[in-house]
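See below for the structure under consideration.
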């Protein structure tokens, strides 16, 4: 795994503010379901979600924590040309400390408003594997351990 | 189901040229996987994909045809405000006739180039259910039969 690809993955996660979740449907059992969500990240490079209990994807994650999250950085040259990263992992409920809450509300300002609603909760995505497509045909798998090792340096440098 | 929501779903599918697929991973068994794809549509309002055999999502669909496709129409007001539609269905290989090929290459011009590559094939998405989120909190399920009945009139009127 080249350092260049690990850095590309870190940058995509560091800058992403929206993503597409793939979860397993509880209502159409086992069927994969795609939906959108705002995303933030912690200082270790893990994605954080802030989800309404009423949302379909939240009910899916409560029944089965397996998910993936797609992040894209458009190059405005058609869908095959943009850099994109799929983080495959598990989501778990999280009670963030004050520092992380401040970080997240800076990343995604509308979350400060949603916090006043009773049914929103934070979830952390623990990565298992990542799939980076860094332009047409340039696809590769990244191990979570490799990603997290690189993220530990990059996310601190840039925060 | 109001006619307004059915029309909103038809318009999203009619105009969409990119989508996010959720498929079931063959390599991380059963795990949902999100990925991007260009999308076209046929005159009945069904999505058509043109996928490389080498792509991870294609291998997933060959092993399990269940998928969903997320389409969005941004309103540029943050992720919760945009209209979005998830089509939950099954993908199957398709040999389109000349009229459908002409339609698809007009919708997605880069597909004419990919056709010269040996490993690209067409897939049709047969919808089972659709989930429309027409702005913050305005979520509803749409039955495939209701959608296809409306699409049969709208897609012909606008083609």
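Residue numbers (our numbering), protein chains in the order written: chain C, 1 to 159; chain A, 1 to 159.
Glycine included, each C-beta is placed from N, C-alpha and C at the ideal position.
Chain-ordered chain A contacts of residue 66/C [CB-CB under 9 Å]:
28, 30, 31, 32
How about residue 56/A: is its C-beta nearer than 8 Å to some C-beta of chain C?
For residue 56/A, at least one C-beta of chain C is nearer than 8 Å to its own C-beta.
Residue 130/A versus residue 143/A: straight-line alpha-carbon distance, rounded:
6 Å
Taking the alpha carbon of residue 66/A as the reference point, which residue from 51/C, 31/C, 47/C has its own alpha carbon closest?
31/C
Beta-carbon neighbours of residue 5/C, restricted to chain A and to distances below 9 Å
In chain order: nothing, as chain A lies at least about 16 Å away.
Exposed or buried, which one is residue 21/C when buried takes at least 16 other CB atoms within 10 Å?
Residue 21/C comes out buried.
Let me see if you follow: with CB-CB separation under 8 Å, is residue 103/A close to chain C or not?
no
Taking the C-alpha atoms as reference points, what is the distance between residue 58/A and residue 15/C?
28 Å
Proximal chain C residues relative to residue 69/A, where beta-carbon distance stays under 8 Å:
Within 8 Å Cβ-Cβ: 34.
Under 9 Å (Cβ pairs) to chain C, residues found in the region 115 to 137 of chain A
128, 129, 131, 133, 137
Enclosing beta strand (DSSP E) for residue 14/A [first to last residue]:
Per DSSP, residue 14/A belongs to no beta strand (DSSP E); it is in the alpha helix (DSSP H), 3 to 15.
Euclidean distance between Cα positions of residue 114/C and residue 120/C:
7 Å
Checking the sheet assignment: what are the DSSP bridge partners for residue 72/A?
84/A
For residue 207/A and residue 6/A, which I take to be in contact (beta-carbon distance under 8 Å), what is that distance rounded to the nearest angstrom?
No statement about residue 207/A is possible, as the shown extent of chain A runs from 1 to 159 and does not include it.
Helix, strand or coil for residue 92/C? Go by DSSP, reduced to three states.
Residue state, collapsed to three classes: strand.
Can you pull the chain A neighbours of residue 22/C, defined as C-beta to C-beta under 7 Å?
22, 32, 33, 34
Taking the alpha carbon of residue 17/A as the point to measure from, which residue in 132/A, 109/A, 118/A has its own alpha carbon closest?
109/A
Among 89/A, 10/A, 73/A, which residue has its Cα nearest to the Cα of residue 44/A?
10/A
9 Å Cβ cut-off: residues of chain C touching residue 153/A
The contact set of residue 153/A on chain C, defined by CB atoms closer than 9 Å, is empty, because the minimum CB distance reaches about 27 Å.
Quick one, which of 3/A, 34/A, 105/A, 51/A has its alpha-carbon nearest residue 87/C's?
34/A
In angstroms, rounded to a whole number, what distance separates the CA positions of residue 60/A and residue 51/A?
12 Å
CB contact flag (residue 19/C, residue 107/C, <8 Å)
Contact flag unset, no.
Interface flag, residue 48/A vs chain C, CB-CB below 8 Å:
no
Residue interval of the beta strand (DSSP E) (run including residue 121/A)
120 to 134
From the DSSP secondary-structure annotation, give me the bridge partner or partners of residue 30/C.
DSSP lists no partner for residue 30/C.
Taking buried to mean at least 16 other C-beta atoms within 10 Å of its own C-beta, is residue 117/C buried or exposed?
By the neighbour-count rule (16 or more Cβ atoms within 10 Å), residue 117/C is not buried but exposed.
Within the same chain, show all residues whose beta-carbon is closer than 6 Å to that of residue 154/C, passing over the 5 residues directly before and after it, in chain order.
Excluding sequence neighbours, residue 154/C sits near 10.
May I ask you to report which of helix, strand or coil DSSP gives residue 152/A?
Of the three classes helix, strand and coil, the one that applies to residue 152/A here is helix, per DSSP.
From the DSSP output, read off the bridge partner residues of residue 238/C.
One cannot answer for residue 238/C here, as it falls past the ends of chain C, which runs 1 to 159.
For the alpha helix (DSSP H) that contains residue 100/A, what are its first and last residues?
98 to 107
Looking at residue 123/A and residue 103/A, is the spacing between their C-beta atoms short of 8 Å?
no
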